[in-house]
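A.B. asks:
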Amino acid sequence: MKKIKAAIIGSGNIGTDLMYKLQKSEYLELTAMIGIDSESDGLRRANSAGYRVFTNGIDDFIERPELADIIFDATSANAHIRHAEILKDMGKTVIDLTPAAVGPFVCPPVNSGEHIESQNINMITCGGQATIPMIQAINEAADVSYGEIVATISSLSAGPGTRANIDEFTITTRRGIEEVGGADNGKAIIILNPADPPILMRATVYCEVKQVDEEKIRAAILDMEKKVQSYVPGYRLKQEPLFDGNRITVFVEVEGAGDYFPKYAGNLDIMTAAAKQAGEMVAKHLLGQEKIEKAVTAHEKK
Numbered sequence: 001m002k003k004i005k006a007a008i009i010g011s012g013n014i015g016t017d018l019m020y021k022l023q024k025s026e027y028l029e030l031t032a033m034i035g036i037d038s039e040s041d042g043l044r045r046a047n048s049a050g051y052r053v054f055t056n057g058i059d060d061f062i063e064r065p066e067l068a069d070i071i072f073d074a075t076s077a078n079a080h081i082r083h084a085e086i087l088k089d090m091g092k093t094v095i096d097l098t099p100a101a102v103g104p105f106v107c108p109p110v111n112s113g114e115h116i117e118s119q120n121i122n123m124i125t126c127g128g129q130a131t132i133p134m135i136q137a138i139n140e141a142a143d144v145s146y147g148e149i150v151a152t153i154s155s156l157s158a159g160p161g162t163r164a165n166i167d168e169f170t171i172t173t174r175r176g177i178e179e180v181g182g183a184d185n186g187k188a189i190i191i192l193n194p195a196d197p198p199i200l201m202r203a204t205v206y207c208e209v210k211q212v213d214e215e216k217i218r219a220a221i222l223d224m225e226k227k228v229q230s231y232v233p234g235y236r237l238k239q240e241p242l243f244d245g246n247r248i249t250v251f252v253e254v255e256g257a258g259d260y261f262p263k264y265a266g267n268l269d270i271m272t273a274a275a276k277q278a279g280e281m282v283a284k285h286l287l288g289q290e291k292i293e294k295a296v297t298a299h300e301k302k
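Following the UniProt record's numbering, the numbering of the sequence shown begins with 1 at its first residue and continues without gaps.
So, in structure tokens, the structure goes:
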């Protein structure tokens, strides 16, 4: 099967885990990893796996644009601002794993088809990917007036990028709760837990709703859990949803797949898994367009 070529900018933990996930893709062919530290573990692993490795950041890729049509940016919010402009001028599609929020927000089980032709797709945040599906499910069933999430992750799974982007995390996640989840108003909190041994990612979703139909809401929540599990097998409800008048509380736990991260780093794993889903969505669209164009060309030749 023909695949769409892809490259990763950022050779840190997220970029490296994403590399292993893209290796399994039916629609994406990973060709290169772009970093700035020639001694990074990610670049060493990419080189060993036979991918092109660049150590001068995006400036190297500018010289070899044919290497990829889809670029995954796993750097930082500040770095992505520059990358987005360069890649836009190059006509590349970007899957942004930073909270820069340059392009429209995408949460695969919620709005995967809405931004299929966007040149820059933002994956919100790890907290957003873990909780927005639940808020959207509740909103569809009950109309959420207020949605609040508290994402708790192991301190060991919060690298320099995560720590540098705490403000962006809260702002971007709140926007995602409202714009993608559908809540009239939202709030996001992140907690770094230094427990040893490290804890799995856990998230609490709290919603106030305008209509209460417990059976309908519960069914929507369970259905959404299955949708997320289709690409994040370690995603699960910790217990039955709690109902208190017009207030609903959902407890979610995310265990990573262990591709590169330890399994406790579900916060990082759900981001790379969601990015792969989004990238494959775009790749399928591009492959479909290519088939249509070939068919039109063949018809015109006749």
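Virtual Cβ for every residue (Gly too), placed ideally from N, Cα, C.
Going by DSSP, what residue range makes up the alpha helix (DSSP H) through ARG52?
C.D. replies: First-last for ARG52: 52 to 54, but that is the beta strand (DSSP E), not the alpha helix (DSSP H).
A.B. asks: Provide the residue(s) that pair with GLU206 in DSSP beta bridges, ordered along the chain.
C.D. replies: Reading the sequence as shown, one finds Tyr at residue 206 and not Glu. Answer is GLU148 and THR249, bridged to TYR206.
A.B. asks: Does the structure place the segment 176 to 186 close enough to the segment 124 to 135 that three or more beta carbon pairs sit under 8 Å?
C.D. replies: Taking 8 Å as the limit for Cβ pairs, the verdict is that the segment 176 to 186 does touch the segment 124 to 135.
A.B. asks: Please confirm if the segment 76 to 86 is in contact with the segment 157 to 168, defined as three or more CB-CB distances below 8 Å between the two stretches.
C.D. replies: Taking 8 Å as the limit for Cβ pairs, the verdict is that the segment 157 to 168 does touch the segment 76 to 86.
A.B. asks: Could you spell out the range, first to last residue, of the beta strand (DSSP E) harbouring LYS263?
C.D. replies: Looking at the DSSP string, LYS263 is not in any beta strand (DSSP E), and its letter there is neither H nor E.
A.B. asks: Quick one: Cα of CYS107 to Cα of ARG44, how far?
C.D. replies: So the alpha carbons of these two residues sit roughly 31 Å apart.
A.B. asks: Under three-state DSSP, which class holds SER40?
C.D. replies: DSSP places SER40 in coil when its eight states are reduced to three.
A.B. asks: Where does MET123 sit, in a helix, a strand or coil, going by DSSP?
C.D. replies: In this structure, MET123 counts as coil in the three-state DSSP scheme.
A.B. asks: Give the secondary structure of ASP17 by DSSP, where H, G and I count as helix, E and B as strand, and everything else as coil.
C.D. replies: ASP17: helix per DSSP, three-state reduction.
A.B. asks: Tell me, to the nearest whole angstrom, how far the beta carbon of VAL209 is from that of VAL250; I am working on the premise that it is less than 8 Å.
C.D. replies: Wrong, their Cβ atoms sit about 12 Å apart, outside the cutoff.
A.B. asks: Would you list, in sequence order, the uninterrupted beta strand (DSSP E) runs of no fewer than 3 residues that lie entirely inside the segment 52 to 124?
C.D. replies: Listed in chain order, they are 52 to 54, 70 to 73, 93 to 96 and 120 to 122.
A.B. asks: Which same chain residues end up closer than 6 Å to LEU286 when comparing Cβ atoms and leaving out the 5 residues on each side of it in sequence?
C.D. replies: Only ILE4 meet the Cβ criterion.
A.B. asks: With a threshold of 8 Å, are at least 3 pairs of Cβ atoms found where one atom belongs to the segment 223 to 239 and the other to the segment 157 to 165?
C.D. replies: Segments in contact, no.
A.B. asks: Can you tell me the Cβ-Cβ gap for ILE9 and MET19, rounded? I've got them flagged as a contact below 8 Å.
C.D. replies: Between MET19 and ILE9 the Cβ distance is about 12 Å, and since that is not below 8 Å, they are no contact.
A.B. asks: With burial defined as no fewer than 16 other Cβ atoms inside 10 Å of the residue's Cβ, what is the status of LYS21: buried or exposed?
C.D. replies: It counts as buried.
A.B. asks: Does the segment 114 to 124 come within contact of the segment 29 to 49, defined as at least 3 CB pairs closer than 8 Å?
C.D. replies: No, because fewer than three Cβ pairs between the segment 114 to 124 and the segment 29 to 49 fall closer than 8 Å, the two stretches do not touch.
A.B. asks: Three-state secondary structure (DSSP) at LEU30?
C.D. replies: DSSP places LEU30 in strand when its eight states are reduced to three.
A.B. asks: Just to confirm, are PRO194 and SER155 a CB contact at a threshold of 8 Å?
C.D. replies: Yes, the pair counts as a contact, with Cβ atoms nearer than the cut-off.
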